[in-house]
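S.K.: Okay, here's the structure, questions in a sec.
Numbering (our numbering), first residue to last: 51 to 375.
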């Protein structure tokens, strides 16, 4: 039996306000300092589009800097409550079990959120920090999941095909865990947290980490929700893919390593919410890899910006050289 509270070093409510005439949506995110700014943009997009309800954000954070915490405080408003839960290093994970190269705390956050929030709410929306909310989350929260552990959105066909070769699951129902509507009561009654923490130490390999574990444990216990609540997108340098998303999209999810907060990606959607956030004056990181810098240089060349193109091609060569060392 796990003591879930032992995974939390401290809890603090850094903003607190509510309108007595509104109901409350509980929304959880989990991230480390590398994803603090993107998480802030996710939250900004939720606040700007989900109106006429109180929003209580539960932030499960792993070594997030005080400068970023101060920016989260600036998101406060007359219907916004923000509670932070600082994670510790008490998670023990067999290093051969999970392939994704992320911290133990970041891997396990989704496993413990429902258990920790069960005393607070029967229903919570979980969002990855590489999502943008384009419309109100109220319709998502209003789904009846009384007979399920979670409402989920299916993953892409290519991902489901890959999964069909790895596990004895109904791969056609394999879901992406970046957006979840969780029934915390049913989750706790089914003991999902403890089962998940045991599963990640059973010696088996889970290529897609906690997402695979959740699909295994929640099989036949989920309600499939429309794709508009987790529309997955892979962007290239010019981010032209954003122009093809359906107008009814509620949550846009930037999958793959091409994230819109890197300077090389020309994401108009991310920039729109960035400029409305406390992070608007923060210098964006250039790129997550050298190949995207090379592609950015080619993009600038096509635009006739030859000096800038040459500059970023030199940066690409430097990236490539140091990554070989």
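We treat Cβ as the ideally placed atom computed from N, Cα and C, and that holds for glycine.
Can you tell me whether residue 290 is buried or exposed? The criterion is at least 16 other CB atoms within 10 Å of its CB, across all chains shown.
M.R.: With fewer than 16 neighbouring CB atoms inside 10 Å of its own CB, residue 290 falls in the exposed class.
S.K.: Is residue 134 near the ligand COA, in the sense that its beta carbon is under 7 Å from a heavy atom of that ligand?
M.R.: Summarising the ligand content, the structure contains no ligands, and the ligand COA is consequently not present.
S.K.: Output the distance between the C-alpha atoms of residue 83 and residue 213, rounded to the nearest integer angstrom.
M.R.: 30 Å
S.K.: Given this structure, state the Cα-to-Cα distance separating residue 14 from residue 87, to the nearest angstrom.
M.R.: Here the chain has residues from 51 to 375 only, and residue 14 is not among them.
S.K.: Under the DSSP definition of a beta bridge, which residues are partnered with residue 160?
M.R.: Note: residue 160 sits in no beta bridge, so no partner.
S.K.: Ends of the alpha helix (DSSP H) at residue 319?
M.R.: 318 to 324
S.K.: Residue 183 bridges to which residues according to DSSP?
M.R.: According to DSSP, residue 183 bridges with 301.
S.K.: Using beta-carbon positions only, say whether residue 175 and residue 137 come within less than 8 Å of one another.
M.R.: It is not a contact, given that the beta carbons lie outside the stated cut-off.
S.K.: Would you kindly work out how many angstroms separate the C-alpha atoms of residue 285 and residue 98, rounded to a whole number?
M.R.: 23 Å
S.K.: With 16 as the cutoff for other CB atoms within 10 Å, does residue 372 come out buried or exposed?
M.R.: exposed
S.K.: Please state if the CB of residue 231 and the CB of residue 270 are separated by a distance shorter than 8 Å.
M.R.: no
S.K.: In chain order, what residues of the same chain lie with their CB nearer than 6 Å to the CB of residue 237, ignoring the 5 residues before and after it?
M.R.: 164 and 199
S.K.: Would you mind stating whether residue 369 and residue 180 have Cβ atoms separated by less than 8 Å?
M.R.: Not a contact, by the Cβ cut-off of 8 Å.
S.K.: With DSSP as the reference, please indicate the residues paired to residue 207 in a beta bridge.
M.R.: Residue 207 is not bridged to any residue.
S.K.: Compare the Cα-Cα distances from residue 209 to each of 193, 116, 344 and 226 and report the closest residue.
M.R.: 226
S.K.: Name the DSSP bridge partner or partners of residue 110?
M.R.: 80 and 135
S.K.: When the distance is taken between beta carbons, is residue 188 closer than 8 Å to residue 301?
M.R.: no
S.K.: Sorted by chain position, which residues of the same chain lie with C-beta nearer than 7 Å to residue 366's C-beta, five sequence neighbours on each side aside?
M.R.: Once the five neighbours on either side are set aside, the close Cβ partners of residue 366 are 340, 343, 344 and 347.
S.K.: Can you confirm whether residue 74, when its beta carbon is compared against all beta carbons of chain C, has any partner nearer than 8 Å?
M.R.: Included in the structure is just one protein chain, with no chain C present.
S.K.: Going by the DSSP bridge assignment, what does residue 192 pair with across the sheet?
M.R.: Answer is none; residue 192 lacks a bridge partner.
S.K.: For residue 327, name the three-state secondary structure that DSSP assigns.
M.R.: coil
S.K.: Can the beta-carbon of residue 11 be found less than 8 Å from the beta-carbon of residue 267?
M.R.: Any question about residue 11 goes unanswered here, given that the chain covers just 51 to 375.
S.K.: Roughly how many angstroms lie between the CA atoms of residue 287 and residue 182, to the nearest whole one?
M.R.: 18 Å
S.K.: Just to confirm the assignment, what range does the beta strand (DSSP E) spanning residue 376 have?
M.R.: Residue 376 cannot be examined here, being either before or after the span of the chain that is shown, 51 to 375.
S.K.: Which word fits residue 260, buried or exposed, when buried means at least 16 other C-beta atoms lie within 10 angstroms of its C-beta?
M.R.: buried
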